[in-house]
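Residue numbers (our numbering): 387 to 968.
Here you go:
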C-alpha cells in the first residue's frame, strides 16, 4: 500500500513531486539562461556595430578636417609664398591617406560605401595633386599664375564633389548608427525582461516547493519522537567514534609538532601534554637510557597518582626485558614492573624502539578496574612510536650537527664554527659594551712529537690537549681547533688582565699534563699563547684574532712556553699579513 495509516502522502511520492518541481525550475533556469545568453550575444554584437559606425564617422570627420587644413595651407602659400605654409600641407598628406586606408578597412562590409569611398579617394588624390602643382608653381616664382589656377572653376567643382561625397557617407553611417542603437536598446530590454521573468517564475515555483517541504516537515515532526530511543542506543558508539576522531586529529597534530622539535626536552613535553589530554586521569612517566646505556632516568612524569622511580635498571621493566608491550593488572597473573613505586591497579609499559635501538620506555597506569579501552591502547602505542622515531631523528640530527661543527679528534669546535660564531660574539660584545678577549694557542715542538712517536702519538697529544682546554674553560668560553696543533679560545666578558691570568694557568696546567701512548710517556708538553682583546686590538673579530696570532708568533719567537699580549703595533685587521706560528 502506498498510503500511510494517517492518510499522508508516502515519502517516495512526495520525493517524486519535489523532483518534478525542481526539474521544472531547472528547465526554466536553463531556458532563461539560454535566452539571456543569446540576448547578451546580440547586444554585444550590436554594441560592436555601433562602435564601428562611430569609427567610420570619426574617420570621415578627420579626413574632411585634414583636407580643409591642406586647402588652407595651399591658399596661404599661393598668397604669401611663405615656407611656413608648406609644413602643414606636407604633414596633412600622409594623414589623409592613412584615414582613407582606415575607412577602406572599416567599410569592407558595405559595398555601397566602398564605392563612395573609392570615388572620394580618386577625387582627393586628384585635388591633392592639383594643390601640389599650385604650390610648386608658386614656389618657382609664378605667384600670379598660381593665383589664377586657384580661381579656376574646375577646382571649385572638385571641392564641392569631395565635400558632397563625405556628407553622403556620413548620412549613410548615421542612418546605420540609428538602426544599430535601436538594436542595442531592444536587446538590452530583452535581456532585462528575460532575467526578471525568469527570476519571478523561479521564485514562485521555489516558494511553492518550500511550502510543500514545510508542510511535509510539519507532518513528520510527530513521527520523530519514536527515533529518540534508537538514538540513545547509538550514543555510546558515537562517543567512542568521536573520541577516536579527536585522538586521530591530536595524533596527527602531534606528529607535525614532533617533526619541528629542536631537542629531546621539547618532544617529551609535547607528548606528555597530549597524553594528559587524550586519556582520562592518566598517571605515567617517560624514562630514557642514560649516556652509558646501563640505567634509565625518568625525564617526565604526569598525573596526580603518578608514582614512578626516578632511576632504575633495564631489568626492572618487563617490557624492556621482553622487547614488547607489557600489561599488568591487580589480581592478574602478569608480573608488575618493579620501577613502579606504588602498585598500580592497571598498568602498561611500552618500549620505545626506533631504528633498531631501544631508547627508553613509556609507563602509564589507570585506576579504572576495566583498564584501558582498545582505542586508548592504540593511542598510547601510536604516540610511543611517534615519540621514539622523533627522539631517534633528534639524536641523529645532534650527531650530524656535532660532526659538522666539532673536531672529531679533540672534541672541541672546528674552524667552521669559529668563523660562524666569531662575528656574533663581537656583535654581542659591542652591543653590551663588555670586553672580549681572544687567545691563540700552539703546542710547542709538536712536529718533534710527530717525528718521534708517529701520527698516533701526535693524535694522542692533540686529544689530551683538547680535553684539558675543555676542562679548564668556563661554559661560556668557546674552544676551537684552528688548524694542526693551533687552537683558538674566545673569552666573552674577560678583560686582558683576567685573560692573561687564565692563560698563565693554562700554561701551568699543560706543563703538568701527562700523556701516555701504550704505557710510554710522551714527554714534557708546553704551550705558547698569544692574547688580544676587542676593541683595543681590532675593530672586528678577524682583526683581533690576527692580533692574537701575531702575539703568538712573538711568544714562539721569544722562547715558547709563555703568554704574550698583543701590543698596539700588532693590531691587525683583515687583509694584514701576519706570520703563522710554527
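A virtual CB, placed ideally from N, CA and C, is assigned to each residue, including glycine.
query: Once you ignore the five residues that flank residue 494 on each side, which residues in its own chain have a CB closer than 8 Å to its CB?
result: The count along the chain shown starts at 1 and reaches residue 494 at position 108. Excluding sequence neighbours, residue 494 sits near 500.
- prompt: Using DSSP with H/G/I as helix, E/B as strand and the rest coil, what is residue 563?
  reply: The residue given as residue 563 occupies position 177 in the chain shown. DSSP places residue 563 in helix when its eight states are reduced to three.
- request: Thinking residue 851 and residue 876 are a contact (beta carbons under 8 Å), I'd like their distance in whole angstroms, please.
  value: Residue mapping note: residue 851 aligns to position 465 of the chain shown, counting from 1. Residue mapping note: residue 876 aligns to position 490 of the chain shown, counting from 1. Their Cβ separation, rounded to whole angstroms, is 17 Å, which puts residue 851 and residue 876 out of contact at 8 Å.
query: Taking 8 Å as the cut-off, is the CB of residue 645 close to at least one heavy atom of the ligand PLP?
result: Absence of the ligand PLP is noted for the structure shown, with no ligands found whatsoever.
message: Once DSSP output is grouped into helix, strand and coil, what is the label at residue 919?
response: What you label residue 919 is simply residue 533 of the chain shown in a count that begins at 1. In the structure shown, residue 919 sits in a strand (DSSP, three-state: E or B).
- request: Indicate whether the contact test is met: 3 or more Cβ pairs, each with one atom in the region 920-930 and one in the region 898-905, closer than 8 Å.
  value: no
- prompt: When the Cα of residue 408 is compared with those of 591, 490 and 426, which residue comes out closest?
  reply: In the chain shown, the residue the question calls residue 408 occupies position 22. Considering only alpha carbons, the answer is 591.
query: Under the rule that 16 or more other beta-carbon atoms within 10 Å means buried, what is residue 920, buried or exposed?
result: Within the chain shown, the letter at position 534 stands for residue 920. Result: buried.
Which of helix, strand or coil DSSP assigns to residue 798: Reading the chain shown from its first residue, position 412 is the one you call residue 798. Three-state DSSP puts residue 798 in coil, outside helix and strand.
field: N- and C-terminal bounds of the beta strand (DSSP E) containing residue 828
entry: Taking the first residue of the chain shown as position 1, residue 828 is located at position 442. Where residue 828 is concerned, the enclosing beta strand (DSSP E) stretches over 822-829.
message: Which complete beta strand (DSSP E) runs does the region 717-764 hold, if anything under 3 residues is left out?
response: 732-740 and 743-752
- prompt: Out of 413, 696, 944 and 807, which has the shortest C-alpha to C-alpha gap to residue 585?
  reply: As a position in the chain shown, residue 585 is number 199, starting the count at 1. Ranking 413, 696, 944 and 807 by Cα distance to residue 585 puts 413 first.
task: Pull up the CB-CB distance for residue 937 and residue 916, whole angstroms please, since I reckon it's below 8 Å.
output: Mapped onto the chain shown, residue 937 falls at position 551. Mapped onto the chain shown, residue 916 falls at position 530. About 3 Å separates the two Cβ atoms, so the contact holds.
message: Report the CB separation of residue 727 from residue 694 in whole angstroms; it is logged as a contact under 8 Å.
response: As a first step, residue 727 must be located in the chain shown, where it is residue number 341. As a first step, residue 694 must be located in the chain shown, where it is residue number 308. Yes, residue 727 and residue 694 are in contact; Cβ-Cβ is about 6 Å, under 8 Å.
query: What residue range is occupied by the uninterrupted alpha helix (DSSP H) comprising residue 490?
result: Your numbering for residue 490 matches position 104 in the chain shown. Note, residue 490: alpha helix (DSSP H), 472-492.
message: Please confirm whether residue 655 has its beta-carbon closer than 9 Å to some beta-carbon of chain D.
response: Looking for chain D here will not work: only one protein chain is present.
task: Could you check which residue in 742, 482 and 718 has the C-alpha nearest to that of residue 970?
output: Residue 970 is absent from the structure shown; the chain starts at 387 and stops at 968.
field: Beta-carbon proximity of residue 730 to residue 751, cut-off 9 Å
entry: Residue mapping note: residue 730 aligns to position 344 of the chain shown, counting from 1. Residue mapping note: residue 751 aligns to position 365 of the chain shown, counting from 1. In contact: residue 730 and residue 751 (Cβ atoms closer than 9 Å).
query: In its own chain, which residues sit with a C-beta less than 6 Å from the C-beta of residue 552, not counting the 5 before and 5 after it?
result: Locating residue 552 in the chain shown gives position 166, counting from the first residue. These residues qualify, in order along the chain: 446 and 450.
query: Which whole-angstrom value describes the C-beta separation of residue 464 and residue 544, a residue pair presumed to lie in contact below a C-beta threshold of 8 Å?
result: Working through the chain shown from its first residue, we reach residue 464 at position 78. Working through the chain shown from its first residue, we reach residue 544 at position 158. At roughly 16 Å, the Cβ-Cβ gap does not stay under 8 Å, so residue 464 and residue 544 are not in contact.
field: Cα-Cα separation, residue 863 to residue 878
entry: Locating residue 863 in the chain shown gives position 477, counting from the first residue. Locating residue 878 in the chain shown gives position 492, counting from the first residue. Spanning the two alpha carbons is a distance of roughly 6 Å.
- prompt: Under three-state DSSP, which class holds residue 969?
  reply: Nothing about residue 969 can be reported from this structure: the residues present for the chain run from 387 to 968 only.
query: Taking the beta strand (DSSP E) that residue 927 falls in, what are its first and last residues?
result: Stepping through the chain shown from its first residue, residue 927 is reached at position 541. Unbroken run through residue 927 is the alpha helix (DSSP H), 927-943; no beta strand (DSSP E).
message: Any contact between the region 743-763 and the region 667-677? By contact I mean 3 or more CB pairs, one from each, below 8 Å.
response: yes
- request: Quickly, what does DSSP pair residue 875 with across the bridge? List them, please.
  value: The residue given as residue 875 occupies position 489 in the chain shown. In the DSSP output, where bridge partners are listed per residue, residue 875 has 825 and 865.
- prompt: From the DSSP output, which residues share a beta bridge with residue 697?
  reply: Start at 1 with the first residue of the chain shown, and residue 697 comes out as number 311. BP columns for residue 697 point to 683.
field: C-beta contact flag for residue 482 and residue 452 at 9 Å
entry: Working through the chain shown from its first residue, we reach residue 482 at position 96. Working through the chain shown from its first residue, we reach residue 452 at position 66. Yes, the Cβ-Cβ distance between residue 482 and residue 452 is below 9 Å.
query: Roughly how many angstroms separate the alpha carbons of residue 534 and residue 546, rounded to a whole number?
result: Here the question's residue 534 lines up with position 148 in the chain shown. Here the question's residue 546 lines up with position 160 in the chain shown. If you take the alpha carbons of residue 534 and residue 546, they lie about 19 Å apart.
task: Hey, could you find the ends of the beta strand (DSSP E) residue 712 is sitting in?
output: Here residue 712 refers to the residue found at position 326 when the chain shown is read from its first residue. Where residue 712 is concerned, the enclosing beta strand (DSSP E) stretches over 712-715.
N-terminal and C-terminal residue of the alpha helix (DSSP H) that residue 674 is part of: Residue numbering aside, residue 674 sits at position 288 when the chain shown is read from its first letter. Segment 669-675 is the beta strand (DSSP E) holding residue 674; no alpha helix (DSSP H) there.
message: My output table needs one value for residue 518: the three-state DSSP class, helix, strand or coil.
response: Locating residue 518 in the chain shown gives position 132, where the first residue counts as 1. It is helical.
- request: Check residue 914 in the structure and name its three-state DSSP category.
  value: Taking the first residue of the chain shown as position 1, residue 914 is located at position 528. Strand at residue 914.
query: Between residue 700 and the rest of its own chain, which residues show a CB-CB distance below 6 Å, the 5 nearest in sequence each way excluded?
result: Mapped onto the chain shown, residue 700 falls at position 314. Excluding positions up to five away in sequence, the list reads 706.
For residue 896, the first and last residue of its enclosing alpha helix (DSSP H): Within the chain shown, residue 896 is the residue found at index 510, counting from 1. Looking at the DSSP string, the run of the alpha helix (DSSP H) that includes residue 896 is 882-898.
task: Look up residue 601 in the DSSP assignment and say whether it is helix, strand or coil.
output: For this step, residue 601 is matched to residue 215 along the chain shown. Three-state result, residue 601: helix.
- request: Quick one: residues in its chain with C-beta nearer than 7 Å to the C-beta of residue 639, no 5 flanking neighbours on either side, listed in chain order?
  value: Locating residue 639 in the chain shown gives position 253, where the first residue counts as 1. Nothing listed; no residue qualifies.
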